[in-house]
Every structure is written in C-alpha cells, then in structure tokens.
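2 protein chains.
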Amino acid sequence: MSDTYERAQAPAPALPGDAGRPAASALREEAARLDAADPLAGHRAKFALDDATVYLDGNSLGALPAHVPARMADVIGREWGELRIRSWDESGWWTAPERIGDRIAPLVGAAAGQIVAGDSTSVNVFKAVVAATRLAGEGRDEILVDASTFPTDGYIAESAARMTGHRIVALDPADVPGAANDRTALALVNHVDYRTGRLHDLPGTTAALHAAGALAVWDLCHSAGALPVGLDAHGVDLAVGCTYKYLNGGPGSPAYLYVAERHQDRFDSPLPGWTSHAAPFGMEPGYRAADGAVRGRVGTPDILSMLALEAALDVWDGVGIEAVRAKSLALTDFFLECVAAYVPAGRVTPITPAAHAERGSQVALACEDAPDVMPELIRRGVVGDLRPGLLRFGFTPLYVGFSDAERAARVLADVLAGRPSD
Amino acid sequence: MSDTYERAQAPAPALPGDAGRPAASALREEAARLDAADPLAGHRAKFALDDATVYLDGNSLGALPAHVPARMADVIGREWGELRIRSWDESGWWTAPERIGDRIAPLVGAAAGQIVAGDSTSVNVFKAVVAATRLAGEGRDEILVDASTFPTDGYIAESAARMTGHRIVALDPADVPGAANDRTALALVNHVDYRTGRLHDLPGTTAALHAAGALAVWDLCHSAGALPVGLDAHGVDLAVGCTYKYLNGGPGSPAYLYVAERHQDRFDSPLPGWTSHAAPFGMEPGYRAADGAVRGRVGTPDILSMLALEAALDVWDGVGIEAVRAKSLALTDFFLECVAAYVPAGRVTPITPAAHAERGSQVALACEDAPDVMPELIRRGVVGDLRPGLLRFGFTPLYVGFSDAERAARVLADVLAGRPSD
Chain A
1 MSDTYERAQA PAPALPGDAG RPAASALREE AARLDAADPL AGHRAKFALD DATVYLDGNS
61 LGALPAHVPA RMADVIGREW GELRIRSWDE SGWWTAPERI GDRIAPLVGA AAGQIVAGDS
121 TSVNVFKAVV AATRLAGEGR DEILVDASTF PTDGYIAESA ARMTGHRIVA LDPADVPGAA
181 NDRTALALVN HVDYRTGRLH DLPGTTAALH AAGALAVWDL CHSAGALPVG LDAHGVDLAV
241 GCTYKYLNGG PGSPAYLYVA ERHQDRFDSP LPGWTSHAAP FGMEPGYRAA DGAVRGRVGT
301 PDILSMLALE AALDVWDGVG IEAVRAKSLA LTDFFLECVA AYVPAGRVTP ITPAAHAERG
361 SQVALACEDA PDVMPELIRR GVVGDLRPGL LRFGFTPLYV GFSDAERAAR VLADVLAGRP
421 SD
Chain B
1 MSDTYERAQA PAPALPGDAG RPAASALREE AARLDAADPL AGHRAKFALD DATVYLDGNS
61 LGALPAHVPA RMADVIGREW GELRIRSWDE SGWWTAPERI GDRIAPLVGA AAGQIVAGDS
121 TSVNVFKAVV AATRLAGEGR DEILVDASTF PTDGYIAESA ARMTGHRIVA LDPADVPGAA
181 NDRTALALVN HVDYRTGRLH DLPGTTAALH AAGALAVWDL CHSAGALPVG LDAHGVDLAV
241 GCTYKYLNGG PGSPAYLYVA ERHQDRFDSP LPGWTSHAAP FGMEPGYRAA DGAVRGRVGT
301 PDILSMLALE AALDVWDGVG IEAVRAKSLA LTDFFLECVA AYVPAGRVTP ITPAAHAERG
361 SQVALACEDA PDVMPELIRR GVVGDLRPGL LRFGFTPLYV GFSDAERAAR VLADVLAGRP
421 SD
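Heads up: the sequence lines are chains A and B, in that order.
Counting in UniProt numbering, the first sequence runs from 1 upward without gaps.
Counting in UniProt numbering, the second sequence runs from 1 upward without gaps.
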C-alpha cells in the first residue's frame with residue numbers, strides 16, 4: 001500500500017500562513033488528486049454523512065453506518081416486538097457477545113474464540129486487571145500503569161489493586177519495559193494515548209514484560225479499527241477496547257475483552273455472572289466457569305446496543321486494516337502539512353508525534369484558546385473535540401478524505417486569524 | 001382498589017378437569033366480565049401485541065411498547081446519524097443514567113436522586129455488595145445470601161466476598177432475620193424468588209438487619225413494576241434490579257442501582273469509572289467521586305439500550321403501582337383457579353404461595369414433563385417459560401387480561417390431556 005498515497009510533488013514548505021493562506025490553491029489541488037486516487041474513497045458512501053460537515057470526531061463517536069437504522073428497525077420491531085422471548089434463541093441474541101467478538105477479532109489480529117463483546121471498557125479493565133493478577137500468581141505485587149492513560153483505566157486499576165492487595169506504579173509507557181521486574185504482575189498500557197495520539201510500542205513492551213515474567217494488558221480504544229494491532233502475533237495476554245470510535249458501533253456500544261487462548265483455562269473473572277457459567281440455564285447454585293472466551297461474559301447482554309454494533313461491523317467487509325493504516329498516515333501527514341501552511345505562526349503546536357511509528361490516527365494540537373476555538377470550528381462545520389488545552393482531530397480513513405483534511409486546516413486558520421467563514 | 005376485581009360469584013370449585021373442562025363456560029364468562037371492568041385494560045393498546053398469542057413471559061422479557069420503534073428511529077437516525085458527537089450534550093445522552101433512574105424511582109418507592117441506570121444486574125450486584133461491606137465497616141465479616149436466589153447474585157456475592165475477605169452464609173430468605181448478628185455486614189436478598197414467585201418480607205427483613213447493625217441489599221428484578229416495593233419507606237440501604245421484565249425496557253436493557261441518600265457520601269464503589277468522577281471531563285489522574293447517585297455510574301453509558309428503556313417507561317405515565325398490584329393478584333388468583341378447574345389432577349402442582357402477602361406476579365407450576373409441555377404451549381400460542389422442573393407464567397398487569405389467563409389454563413389442560421388445539 002505504500003505507494004497508494006504517494007505525493008505528486010514534494011510537500012509544500014511549511015509557510016507561516018499569517019494572513020493570506022499562500023499555499024491554499026496548491027494544497028486544494030493536491031487533496032483532490034489524493035482523493036481521486038484513494039482506493040478507500042468509496043467506503044464513505046456506507047455512512048450517513050453530509051457534505052456540509054467535516055467530521056473529525058470519529059475517534060470519539062464513529063459516524064452512523066447507513067444500513068444500521070433499517071437493521072435496528074427489524075431488531076426492535078420484529079425480533080423484540082413480534083418474536084419477543086423466542087429471539088434469545090431464534091434471532092441469535094444469546095450468542096451475540098462471542099459472535100461479535102469473532103467479528104472484531106480480525107481487526108485486532110486475533111484468531112476466533114478469544115474475544116467477547118459486552119459491558120463498558122471500564123468494567124472490562126477491571127476484569128482484565130484482576131484476572132491478570134491471578135494469572136501472574138503469588139509473589140508479584142506490582143501493577144504498572146500508563147500514567148498518561150485515559151483516566152478510567154487508572155481509576156479502575158487503582159480499585160483493582162486495592163482489592164487484590166497489589167501496588168500501583170504509574171509511569172510513562174516508554175518506561176514500562178525498563179521497569180518490569182520479578183515483582184511485576186502486569187502492566188496496563190494504552191496502545192494509543194487519547195490526548196497526544198502517540199502510538200506506543202506494543203510488540204516491544206509486551207516482549208519486555210514477558211521477559212520479566214509479567215503479563216501485558218493493552219487498552220485498544222484508540223487503535224482498534226485505525227491501525228494493525230497484532231494481538232496474537234505479539235503474544236498479548238489480555239486486552240480491552242471500546243467499539244464506538246473507529247469501529248462505529250454507536251454511542252456507548254459494548255466494549256470487548258480479549259483473553260489469549262493460552263490463558264483461558266486459568267482466566268478467573270472477578271465478575272463471574274451467570275452468562276459465563278458452563279450451564280447458564282441449569283441455574284446451579286455453584287459457579288462453574290464456561291470454557292473459552294465466553295468466560296469473560298457477565299450479565300444479560302444489552303441486545304439493542306450489541307446488535308447495532310454487529311451491523312456496524314459490516315462496513316469492514318473486504319477492508320484490510322493495512323490499507324486503513326496507509327490512508328490514516330497519509331491523512332494525518334497531509335493535515336499537519338496544511339496546518340503548517342495555513343495556521344498563523346505560534347497559535348497551535350502539534351503534540352502528535354511526527355514519526356509514523358509513533359502516531360495513531362488522530363492529530364492533537366496544543367492551543368491556548370482551545371475552549372473558544374473548538375466551538376467556533378464546530379459552528380463552521382469542522383467537528384473535532386476538546387480536551388484540556390487541546391484541539392483533537394480524529395481521522396477515520398473509511399470516511400474522511402484529503403479534501404476534508406485540507407478544509408479543516410483552512411477553517412482552523414480562519415478561526416485563529418479571526419477571518420469570517422468563506 | 002380492593003373491590004375493582006371483586007368476583008361476581010364465589011370462585012368455581014376446583015374440579016378435577018380430567019377430560020371435559022367442566023367449568024369452562026362459566027370461567028370464560030367470568031373472565032370476560034373481569035376484563036370489561038378492568039380499569040387497566042386500556043393500557044394493553046400501548047404495546048405491540050397480537051391476539052393470537054397470550055404472552056405470559058413478561059417476567060423474562062417485557063413486550064415492546066408500541067411507540068418505542070419511532071423513538072429509536074429518531075435516536076439512531078437523527079441523534080446519532082446527524083448530530084453525532086453533539087448529542088452527548090444536545091440530546092441529553094450524558095445525563096441519561098440519572099434521568100432514567102429518576103423515572104424508575106417512583107415505581108420502587110424512592111425519592112429522586114438515588115437511582116442510576118446502567119450496566120447489568122450482575123455488575124450492579126458487585127457494586128452493591130462490595131460497597132455495603134465498606135459501609136458496614138470493620139469487624140463484620142459475614143455476608144448473608146439468599147440461597148434460593150437467581151444464581152448470578154450468589155456467584156457475584158461469592159466473588160465479592162473472596163475479594164473483600166468476607167464469608168458467605170447462604171440461607172433461606174425466611175431465615176435471614178434470625179441469622180443477622182453483630183458479625184453480619186449485609187444480606188443480599190431477592191424480593192421475589194425467580195423460580196417460585198414467592199414474595200419475601202422486605203420490610204421485616206430490612207428491619208431485622210438494621211436491628212443487628214447490618215445493611216439490607218435487595219434485588220428487585222422480579223418485583224419492580226409488578227408490586228409496591230417501598231425502598232425509602234422501609235429504609236432499604238442498597239438495591240439493584242433489571243429493567244427488561246416488568247419495566248419493558250427491551251432485551252438486556254440497562255439495570256439500575258439504588259443507593260439510599262443517607263449512604264451516598266460514604267458509597268465507595270469498586271468500579272469507580274470515569275463517568276462517576278466529580279469532574280469527568282477534567283481528565284484528572286486521581287479519582288474524586290461525584291456526589292449523589294451518579295457515583296454509582298461506571299463507564300460510557302450504552303445509549304441505544306438506555307434510550308429505548310427511557311421511552312419504554314412512558315407506559316407508566318398515570319399508572320399507580322397499587323393498581324397494578326391489585327390486578328396482578330386478581331390475575332394470578334384467577335389463573336390458579338382456572339388451572340385447578342381445568343388441568344388433569346396431579347399433573348401440575350403450584351409452588352407459588354396462595355397467600356397474597358407471599359406472592360409476586362408470576363405462577364410457577366411444578367410439572368414432571370415441563371420440558372415437553374412448554375414448547376407445545378408455545379406452539380399453541382401460550383408463551384411462558386421453562387425453568388428446571390417448572391412451567392413459569394408471568395402476569396404483567398399492563399397488558400395481560402383475565403381472558404388471557406383463562407385461555408392459558410385451558411390450553412395447558414389440553415396439552416396435558418393430549419387433546420388437540422381448539
């Protein structure tokens with residue numbers, strides 16, 4: 001895929017665009033050329049999008065796949081409304097968590113039978129961290145936690161540590177490999193930092209943890225669906241992720257839990273709900289864990305959210321994650337280039353790494369007046385989001401194009417320069 | 001309400017209906033008379049139901065309220081599809097868990113601000129049991145658990161006890177008051193037994209626990225929406241429940257957690273996810289719990305399931321739970337009478353208590369050949385469900401009538417007698 005988004009010319013020099021957007025014409029033409037050559041461009045039509053908006057918040061809530069409303073009308077009207085209780089069996093509701101897990105699996109490099117969908121990311125972090133302490137065994141009393149993580153992972157890890165008697169060591173993800181030692185039970189690390197968009201070294205960190213006899217637990221919220229993860233290939237032990245960002249599952253759609261096949265028979269959940277029982281309808285007074293990934297289930301699955309997610313995953317049919325990654329890098333490169341060319345000097349500072357190996361699929365710009373800038377951007381049809389001190393723009397390769405990136409940078413420059421809309 | 005369903009004549013004697021359904025004509029007339037006088041009869045039109053089916057499984061999955069499909073089309077098509085990320089604020093998604101909690105509150109006798117919707121019942125049992133051990137304080141190392149409970153409560157309580165260092169004592173709910181002592185941290189009890197339909201003594205059990213200095217945690221899955229609960233009036237400490245049975249929220253719709261106002265400032269959740277933080281968008285590295293019921297939240301709420309539930313709760317507008325209870329008792333009385341009159345002697349044995357004070361809103365019939373009988377009942381349009389050794393029939397007063405009850409008993413008698421369908 002490396003040639004697909006090859007540039008027709010050397011990138012425009014990063015001109016300080018103090019007033020006149022000097023490179024605009026050339027960059028607009030370049031964007032149009034890149035869009036015309038983009039092999040993923042046709043996927044945009046699968047989504048409910050309007051041309052008035054540049055939607056750069058798919059890293060927070062993915063756009064609606066256009067076929068989902070009809071599917072949900074059938075789920076609600078016929079499966080619930082007419083078949084009612086029979087749908088648990090006849091409509092396949094009961095097995096949705098593991099079936100959807102197997103749909104997510106190829107997107108994160110996992111063989112079938114290792115992922116179940118359900119619960120929130122926070123709840124899955126709790127399951128994964130507690131289960132990992134149990135897999136690590138006695139004598140390992142430390143949990144390493146990514147100090148820059150999305151806060152919920154840290155809060156939940158702290159609670160898990162309090163309940164299991166472990167000690168939390170918060171540190172920069174880059175320092176995890178060097179910090180792992182014979183007291184380390186596990187490390188919980190985000191694959192991509194939600195603020196900066198920095199991609200952490202999953203293969204190297206996982207290998208270093210294993211060398212120290214510890215387990216690697218990865219949070220894939222900001223990487224799944226945006227870049228190759230390679231859970232099996234890199235020997236990850238446990239992983240969690242959400243599905244409402246790059247997987248477009250809908251607001252608050254179910255999260256998922258990956259338990260590597262080699263750990264499943266010793267996976268010991270702190271939330272052993274009835275749907276993870278070996279005989280859930282036997283209603284036995286004692287718990288006996290089911291075999292396989294379903295051991296990560298807890299309570300009755302939330303079917304409406306679950307089946308919207310399942311339908312949403314259809315957009316991945318025939319799409320390779322390597323192709324998505326190639327476009328993602330080309331898009332974020334191009335956006336950074338447009339920002340450098342257009343935006344008044346000194347008003348924003350990219351904090352997303354320039355190196356491809358360290359970049360996820362978003363661009364974060366430090367900006368002093370971010371709380372004023374983002375609402376105005378949204379008013380002008382460029383939807384990103386705000387994190388403390390930051391403008392955050394997510395690039396979802398299935399539905400964002402190069403002309404979108406150029407327009408977003410141009411509108412950002414207008415807002416920062418105090419120019420009116422075009 | 002006590003006179004509303006008064007019988008026109010003394011109940012028919014319990015004739016052994018070995019072949020000819022001797023009392024059928026009289027009971028059908030009585031059913032029609034009771035339906036005509038039923039002040040709740042008009043609510044049936046709010047649901048998507050067909051007259052070919054007698055749906056007696058609303059205690060497992062409530063019927064679809066007829067207005068929910070249109071509401072969900074708007075949630076999916078406009079709120080997600082058009083407003084996208086803006087809906088977290090503009091469509092009120094963010095506050096849905098506590099807003100829905102306040103809608104459930106009057107149905108279970110709670111003042112506003114004490115309930116949040118979200119997660120599964122199992123996950124909420126974990127929060128409630130762990131938090132109750134922390135509220136109970138040091139020196140109380142026993143957790144009493146209803147031995148006849150729906151299994152997930154027992155499995156989760158066992159896991160909580162393992163993690164907090166408590167000891168589980170499983171016993172009959174009737175024995176909980178006598179067993180509570182100065183080592184008891186809490187008791188976890190089902191308000192209505194899922195198998196037998198027995199209603200347990202919530203006021204008396206709660207008072208006895210309090211007298212021993214222990215907390216009362218109630219599971220309301222089989223009582224909320226079917227009968228008055230009186231959480232505040234009886235001083236319950238914590239409670240959980242599902243919303244897909246008598247509350248008609250949809251398959252696997254979010255459960256809820258009640259934390260009595262007096263405990264909220266010391267409620268210490270084992271699942272302190274970011275949405276329960278005092279400043280969730282501050283993205284602070286340290287956890288600070290929000291005030292109030294929202295402290296029971298965990299991760300990002302599953303909006304599609306959540307908003308279907310919210311819409312479904314509209315069917316309760318103008319309905320008093322006392323009226324529902326009066327009809328529920330009249331319905332289950334009448335069904336038991338029809339069963340006694342029609343069903344061949346010795347083929348089924350009601351295990352649901354005859355005393356009103358001990359009865360929920362379902363009738364369970366022990367039946368040796370239940371696994372053969374229920375599928376045939378369903379084939380003939382009478383939908384109940386099967387639990388080990390039992391035929392279970394739920395009576396949902398908002399949409400089940402007396403003629404439904406009579407027909408169900410008549411079809412049951414036909415199936416057991418080997419008679420063909422009418």
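Just so it is clear, CB atoms sit at the ideal spot from N, CA and C, and this is done for glycine as well.
Since the structure is predicted, the reported quantities are computational estimates derived from the model, not experimental observations.
With DSSP collapsed to three states, give me the class of residue i.
| i | result |
| --- | --- |
| T133/B | helix |
| Y399/B | coil |
| G225/A | coil |
| N124/A | helix |
| Y55/A | strand |
| T196/B | coil |
| L186/B | strand |
| G320/A | coil |
| D302/A | coil |
| T349/B | strand |
| D422/A | coil |
| R297/A | coil |
| S91/A | coil |
| H166/B | coil |
| E30/B | helix |
| S159/A | helix |
| V315/B | helix |
| V411/A | helix |
Look up residue i in the DSSP assignment and give the residues it is bridged to.
| i | result |
| --- | --- |
| V116/A | L257/A |
| G394/A | Q362/A |
| I47/B | A small fix is needed here, since residue 47/B is Phe in this sequence, not Ile. The partner list for F47/B (beta bridge, DSSP) reads P65/B. |
| Y287/B | For Y287/B, which the question treats as bridged, DSSP gives no partner whatsoever. |
| A179/B | Bridge partners of A179/B: none, in fact. |
| D146/B | L171/B |
| residue 445/A | Examination of residue 445/A is not possible in this model, given that chain A is present from 1 through 422 alone. |
| A216/B | A187/B |
| L386/A | L391/A |
| V277/B | In the sequence as presented, Val is not what sits at residue 277/B; that position holds His. A289/B, per the DSSP bridge assignment. |
Does the Cβ of residue i lie closer than 7 Å to at least one heavy atom of the ligand ATP?
| i | result |
| --- | --- |
| G101/A | For the structure depicted, the ligand ATP is absent and the ligand set is empty, with no information on it obtainable. |
Would you mind giving the Cβ-Cβ distance between residue i and residue j, rounded to the nearest angstrom? I have them listed as a contact below 8 Å.
| i | j | result |
| --- | --- | --- |
| A161/A | G249/A | A161/A to G249/A, Cβ: 30 Å. No contact. |
| L231/B | A136/B | Contact doesn't hold; Cβ gap of about 19 Å is too wide. |
| G241/B | T121/B | 7 Å |
| V348/A | L365/A | 4 Å |
| L220/A | A239/A | 6 Å |
| G384/A | F393/A | 4 Å |
| A48/B | A37/B | That pair is no contact at about 25 Å. |
| G81/B | R198/B | Incorrect: roughly 47 Å between the Cβ atoms, too far for contact. |
| I156/A | F126/A | 5 Å |
Here's the rule I'm using: 16 or more other beta-carbon atoms within 10 Å means buried, otherwise exposed. How should residue i be labelled?
| i | result |
| --- | --- |
| N181/B | exposed |
| S421/A | exposed |
| G92/B | exposed |
| R419/A | exposed |
| G282/B | exposed |
Is any beta-carbon of chain E found at less than 8 Å from that of residue i?
| i | result |
| --- | --- |
| P254/B | Structure shown: chain E not included; protein chains present are A and B. |
message: Against chain A, which members of the segment 150-182 of chain B pass a CB distance test of less than 8 Å?
response: F150, P151, T152, G154, Y155, I156, E158, S159, M163, T164, A170
- prompt: Which residues, in order along the segment 345-368 of chain A, keep a beta-carbon less than 8 Å from a beta-carbon of chain B?
  reply: none
- prompt: Name the residues in the segment 64-75 of chain A whose C-beta lies less than 7 Å from a C-beta of chain B; which are they?
  reply: L64, V68, P69, M72, A73
field: Residues of the segment 295-316 of chain A with Cβ closer than 8 Å to any Cβ of chain B, in chain order
entry: V298, G299, T300, P301, D302, I303, L304, S305, M306, A308
query: When Cβ atoms are compared, which residues of the segment 76-87 of chain A fall closer than 9 Å to chain B?
result: I76, G77, E79, W80, G81, E82, R84, I85, R86, S87
query: If contact means a Cβ-Cβ distance below 9 Å, which residues of the segment 258-276 of chain A contact chain B?
result: S269, P270, L271, P272, G273, W274, T275, S276
message: Along the segment 393-409 of chain A, where does the CB come closer than 9 Å to a CB of chain B? Name the residues.
response: none
- prompt: Of the residues that make up the segment 125-141 of chain B, which ones have a beta carbon closer than 9 Å to any beta carbon in chain A?
  reply: Per Cβ criterion, the list reads V125, F126, V130.
query: Which residues, taken in chain order from the segment 113-124 of chain A, show a beta carbon closer than 9 Å to some beta carbon of chain B?
result: G118, D119, S120, T121, S122, V123, N124
query: Listed in chain order, which residues of the segment 223-236 of chain B have Cβ atoms closer than 8 Å to some Cβ of chain A?
result: none
- request: Please list the residues of the segment 282-293 of chain A that have a C-beta atom closer than 9 Å to any C-beta atom in chain B, keeping them in chain order.
  value: G282, M283, E284, P285, G286, Y287
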